[in-house]
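Protein chains in written order, with our numbering: chain A, 1 to 114; chain B, 1001 to 1117. Where is the CB? At the ideal position from N, CA and C, for every residue including glycine. Contents: one structure, followed by commentary.
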Amino acid sequence: DSGVTQTPKHLITATGQRVTLRCSPRSGDLSVYWYQQSLDQGLQFLIQYYNGEERAKGNILERFSAQQFPDLHSELNLSSLELGDSALYFCASSIISGGSNEAFFGQGTRLTVV
Amino acid sequence: AQSVSQHNHHVILSEAASLELGCNYSYGGTVNLFWYVQYPGQHLQLLLKYFSGDPLVKGIKGFEAEFIKSKFSFNLRKPSVQWSDTAEYFCAVKSTYSGAGSYQLTFGKGTKLSVIP
C-alpha cells in the first residue's frame, strides 16, 4: 500500500459524459501528479499541483481539468468523453515539488468510455 | 523536453536467466532516475532510484541498476529472474532544476517481462 488513495477503482461511462476522479495523497505530501496510461501512448504526464497551485502541465487535453483542494486531495475532471479517453489514470504524490524525492503511486482508476 | 527510451518492448526469459533491461534518457543535466515495476492489474511500485553518489544502485527483490552518465543510460539488471518477476518495468527520469521544466517524471514506454517457469 503506497498511501495514495484513488477513487473510484473502475468507472464505465458513455461518450459525451463528464466524470471526476479523486486522489488523496500520502499524509504530508504536498505535490500531486496525474498520469494517463493507455496501450498506445504508455504513461503520459497530465498535470501537477503543489500545495493547491498548478505547477506543471503535460499532455492534458483542454477537455480535462484538475484542481487540488486545501486539504491537498486532488480531482481530475474529464468532460465530453471520447472512446479514446479510455485508460488507466494514476495519481502520484511526493513530499515536495523539486529536488530529489520520489513519487508514490495510487492504484489507479480504470476508465472505460463506451 | 525529456524523453526516455526503453529498448525492448517484450522480453521472455526462463527462470534463473539473467536480465538486463535498457534505458536511455535525453536530458543532459542533473537528473533523478527511477525504475518502477507494475505487476498485472496493480499500481506502479518503486524498484530502485538514483539521486547521486554510487552509480550502482541496489533495489528491492534483487534488482540493481547502473547509471552511466556518459551514455545517458540507467540499465536494470537482475542476475537470476523468477517467475514472480513477470511484470512490466518502467524507467523514469526527473530533472532536478526548475529551469529545465517541471519536476514530473517522464516515463519510458515500458518493457514487459515474461518469465517462463
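- With respect to B:THR1111, B:SER1003 sits apart: the two C-beta atoms are not nearer than 8 angstroms.
- Here A:GLN48 is not near A:CYS23, since their CB atoms are 8 angstroms or more apart.
- Counting C-beta pairs with one atom in each stretch, the stretch 64–79 of chain A and the stretch 1069–1082 of chain B have fewer than three that are closer than 8 angstroms, which means they do not touch.
- Scanning chain A for C-beta atoms nearer than 9 angstroms to the C-beta of B:GLN1002 yields nothing, as the closest lies near 10 angstroms away.
- At a beta-carbon threshold of 8 angstroms, the residues of chain B lying near A:SER2 are HIS1043 and GLN1045, ordered along the chain.
- Taking C-beta atoms as the reference points, B:PHE1034 and A:GLU102 count as a pair closer than 8 angstroms.
- Remark: C-beta atoms of B:LYS1078 and B:LEU1019 approach each other more closely than 8 angstroms.
- Flagged as an interface residue toward chain A: B:LEU1105, by a C-beta distance shorter than 8 angstroms.
- Listed along chain A, the residues sitting closer than 9 angstroms to B:PHE1090 by beta-carbon distance are GLY42 and LEU43.
- At a cut-off of 8 angstroms between beta-carbon atoms, B:PHE1072 makes no contact with chain A.
- The beta-carbon separation of A:GLN107 and B:HIS1043, rounded to 5 angstroms, stays under the 8 angstroms limit for a contact.
- At a beta-carbon threshold of 7 angstroms, the residues of chain B lying near A:ALA103 are LEU1105, ordered along the chain.
- Bounds of the beta strand (DSSP E) holding A:ARG110 are 109–113.
- According to the DSSP assignment, A:TRP34 belongs to the beta strand (DSSP E) that extends over 31–38.
- A:TYR89 has a beta carbon lying at 8 angstroms or more from every beta carbon in chain B.
- Using beta-carbon distances, B:GLY1062 does not count as an interface residue toward chain A, since no partner is under 8 angstroms.
- Rounded to the nearest whole angstrom, the C-alpha separation of A:GLY16 and A:PRO8 is 19 angstroms.
- As DSSP reads the structure, A:GLU102 sits in no beta bridge.
- Remark: C-beta atoms of B:VAL1057 and B:ALA1017 do not approach each other more closely than 8 angstroms.
- Contact of A:TYR33 with chain B by beta-carbon distance below 8 angstroms involves GLN1104 and LEU1105.
- Contact check for A:GLY58 against B:GLN1104 passes: the beta carbons are separated by less than 8 angstroms.
- With a cutoff of 8 angstroms on beta-carbon distance, A:GLN36 and A:TYR89 are scored as near each other.
- Only residues of its own chain outside the window of five on either side were considered, and among them TYR50, ASN51, LEU72, ILE95 and ILE96 have a CB closer than 7 angstroms to the CB of A:LEU30, listed in chain order.
- Looking at the backbone, the Cα of B:PHE1063 and that of B:PRO1055 are separated by about 14 angstroms.
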